Structure formats: C-alpha cells, structure tokens
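Notes follow the structure.
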Amino acid sequence: MASSLYVVKHNFILTIMFCFMMIINFKYTRGDQLAPALFVFGDSLVDVGNNNHLPFSIAKANFPHNGIDFPTHKATGRFSNGKNAADLLAEKLGLVSPPPYLTLTHTKSSNFSSGVSFASGGAGIFDGTDQLYRQSIPLTKQVDYFGIVQGKITQQLGQIEAQKILSKSVFAIVIGSNDIFGYFGSSASSQNKVTPQQYVASMVLAFKGQLKRLYDFGGRKFVIFGVAAVGCCPSQRDGNKTEACNEAANFGASNYDKGLISALQDYQTQLKGFQYTYFDTYAVFLNLIQQPAIYGFKEAKAACCGGLGNLHAKLACLPISTYCSNRSDHVFWDLYHPTEAADRIIVDTAFNGPRKFAFPINVKQLVAA
Ligand SMILES: *[C@@H]1O[C@H](CO)[C@@H](O)[C@H](O)[C@H]1NC(C)=O
Ligand SMILES: *[C@@H]1O[C@H](CO)[C@@H](O)[C@H](O)[C@H]1NC(C)=O
Ligand SMILES: *[C@@H]1O[C@H](CO)[C@@H](O)[C@H](O)[C@H]1NC(C)=O
C-alpha cells in the first residue's frame, strides 16, 4: 500500500500498470488454487523435512535412497522414493507443497502463503510415542506451533482477513500409526496396563482434544486420514514366519478408526461451521495389498528399499541398502512407508473418490463447500 501511494504521487501511468499487473497476478493464482493454504499435521507419512532439524531424532530420511524419484532426485527428509501424500494433496489443491515449519523458523521466514507442514516422523497422538524415536514433534506440539503461525498470520493480515483465510484453508491430519504400533506392534511390550479398547478410546479422546484446538484457532475444513491396515506393512509381517499381517495391529487400527469416525460426526453437529472429509485409508490400503494387480502393482508385501529377510524389512532404507529397480510396481518403499505410486492412489481417492472411501464428502467437495 505504502509503495503504491508513493507511485501515485510520482507517476500515474506506472501506478495503472502496477495495479493491472496485480489484478492479473491475483486472478492467475486464484484460478489455480482450490484453497488459500494447506496446513499439514502428522507423522512420517507426511513429514516433508521437519525431522531434519531435530538433532537427536533417529526417525530421519535425509539420506539416500530416499528421494531417488523426487523431482530433484535428492533425499529431503521424506520417507519415500518420491513425493509423499502431503505433496500430492498440495498438488491436487494447486498449491506449492507446504514447507516444514522448522525450516521456516530456521530461516526466520514468515512466508506462510501456501501453508505450513508440522508433520514429524515418529510423531503420535500421545506425546509418549516420542520415547521410541528419541525426538519427534508430537501432535500436541504441532498444534502449539500452529498457534504461533496463526498469531503471525493474524498480525500480518488483521483478525478478519486471517479468519477468512483460515476458514477456507485445508487442515490435513495423518496420525495414529505410531500410537497403534506402540501398543499392538510386533515389537510392542505386552505388559500394558490398559485393555486394547481403553487404549484406542484414549487415542480418540486425545485426538479430539487437538482437533478442537485447531477449530478454536480458526480451522474449519479438515481432511482426516484414518489409520491404515498397518499390520500389513513389511515390518509387521516380518514378525511372523508365515508373513501374515499382524492382526492385532489391524484390529487396533480399525477400532481406532471407528472411534475417530464417530468423534468427527459429533463435532459436525456440535461445532458451528466444522466440515470434514474422513478418508478410509484402511479400506483403500487393504485393497492395494489384496488386489495389487488391479492397481498396477506386482509386489505388495516386501519393501523396495531395505535389508535382510524375504521382505527386506529387518533394516530401514539406508545408503547401504539395496532397492528395487521399479518403484512403481511396489506398494511399499521401505519397511513402513508406501511408495509415491501407492500414495498417489490414496490421495487421488481422497480427492475425487466415492463416498464409500471419502465421506461425508471428498476433498474436492470439501474445498468447494
Ligand atoms: C512465499 O512462498 C510462495 C510459495 O511458497 C512463493 O511463491 C512466494 O514468492 C513467497 N513470497 C515471498 C514474499 O517470499
Ligand atoms: C502368524 O500368523 C498366523 C496366521 O497366518 C497366526 O495364526 C499366528 O498367530 C501369527 N503368529 C504371530 C506370532 O503373530
Ligand atoms: C514399472 O511398473 C509399472 C507399474 O507396474 C509399469 O507400468 C512400468 O511399465 C514398469 N516400468 C518398467 C521400466 O518396467
């Protein structure tokens, strides 16, 4: 504003040109973007590099062969051969993939124009998940960080404009797998003091609390991914001689998902303006694993990158690991994480899929609502 007033005084023609360019630019970006910004919360399934900034974390992916199919062919901290679900969702929304919050704070940038990612490998709904991976940003802290960002956006734009932008932005949350592994995983301690039902119920309750905080900060459009059939990932199959899925982990995930769905339905009736897409990751992921050929996959059990055992799942994907030649025909990149090809199917279905998998509305409908 100040600079354009300055121009008014000194050169009227230039001002007209300047305004004209502004309008063109404004229309161009609006036409491409389906939402003003994307804010991402979650674990390694959507971490785009936050953990690179955590010196004590062992949940890291900023080394080869991660990123081998990324546009830069370099490891970025994503636990994937290429783009992950956060990148692909941003793509669908016509947005630049939101940068990691810790990268922005390290560079002292407050450019939140396309959104921010708070996701962190190893993160859980419970703060305690952190113990396993030494250092990650649990969901509670991710929401704390969002509170800081919300404050800065409000400072920059004023309360009314900030609220308007946040209410149209997409809040995507992909979390819960690490909490499920912590109780039901093949290497989890069996000396639990609570029953499986109590455990998943407390996960739902804790998640609900954080979701309410995001709503109170001004979020209105939520894309919530349920926990997948994580008992079928290579690390869990590897715990059984038969290579069968870990049924306890799948049971935990599907029970958590049921509680999550009913929590979301509660909020839609209780919280004014609350809108959501729930994505049935469990069902879609199980389809990929049970009928891989239909989706163009040849291998749905073994990790592409990793080491030892039939499933290459005794070791993480490390610089010394071997990896498969065609990442597009594998569902799993490493012992825990899907390939970009699998994530693409997941995100396409969340965006445009039928009500059976993305309900009550899909992401495309959510952003248009
Ligand atoms: C802010 O980030 C967006 C995309 O990430 C970029 O297009 C834009 O130029 C940046 N703006 C500033 C002022 O750095
Ligand atoms: C291994 O899988 C079989 C099903 O194929 C199941 O009956 C058995 O309980 C599993 N073992 C363990 C240790 O999970
Ligand atoms: C890799 O796998 C995909 C999916 O199965 C297939 O379409 C493609 O032709 C394969 N590429 C090569 C080089 O074999």
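According to the working numbering, the sequence shown is numbered sequentially starting from 115.
Cβ atoms here follow ideal geometry from the backbone N, Cα and C, with glycine treated the same way.
Computed from a predicted structure; not experimentally measured.
Can you tell me whether residue i is buried or exposed, with buried defined as 16 or more other CB within 10 angstroms of its CB?
| i | result |
| --- | --- |
| PRO212 | buried |
| LYS174 | buried |
| VAL308 | exposed |
| THR143 | With a pLDDT of 42 at THR143, under the threshold of 50, the modelled position of this residue cannot be trusted; read the value that follows with caution. THR143 comes out exposed. |
| GLY387 | exposed |
| GLN269 | exposed |
| GLN324 | buried |
What does residue i pair with, by DSSP beta-bridge criteria?
| i | result |
| --- | --- |
| THR391 | VAL337 and PRO474 |
| GLY410 | GLY410 pairs with nothing; no bridge assigned. |
How long is the line joining the alpha carbons of residue i and residue j, rounded to whole angstroms?
| i | j | result |
| --- | --- | --- |
| PHE422 | GLY163 | Looking at the sequence provided, one finds Leu at residue 422 rather than Phe. Going by the C-alpha atoms only, they are around 27 Å apart. |
| ASN195 | TYR392 | 26 Å |
| TRP447 | ALA320 | 30 Å |
| LEU207 | ASN424 | 39 Å |
| ALA149 | ASP201 | 15 Å |
| LEU480 | SER439 | 38 Å |
| GLY229 | THR356 | 44 Å |
| PRO474 | TYR390 | 8 Å |
| GLU413 | ALA456 | 11 Å |
| PRO185 | ASN306 | 44 Å |
| VAL160 | GLN277 | 25 Å |
| THR395 | ASP462 | 12 Å |
| VAL154 | ALA233 | 6 Å |
| ILE239 | THR254 | 7 Å |
| VAL210 | SER227 | 9 Å |
| CYS176 | PHE170 | In the sequence as displayed, the identity of residue 176 is Asn instead of Cys. Distance between the alpha carbons of ASN176 and PHE170 is about 14 Å. |
| SER223 | LEU216 | 10 Å |
| ILE403 | ALA416 | 11 Å |
Please determine whether the Cβ atom of residue i lies at a distance below 7 Å from any heavy atom of ligand 2.
| i | result |
| --- | --- |
| ASN354 | yes |
| ALA358 | yes |
Flag residue i as yes when its Cβ comes closer than 7 Å to any non-hydrogen atom of ligand 3, and as no otherwise.
| i | result |
| --- | --- |
| PHE153 | no |
| ASP183 | no |
| GLY196 | no |
| ASP462 | no |
Examine the Cβ distances between the region 356-375 and the region 291-306 and report whether three or more of them are shorter than 8 Å.
yes
Is the region 258-272 touching the region 311-324, taking contact as three or more C-beta pairs under 8 Å?
No, the region 258-272 is not in contact with the region 311-324.
Is it the case that the region 280-295 contacts the region 330-345, given that we only count it when at least three CB pairs across the two stretches are under 8 Å?
yes
contact_flag[the region 343-351, the region 269-282] where n(CB pairs < 8 Å) is 3 or more
no
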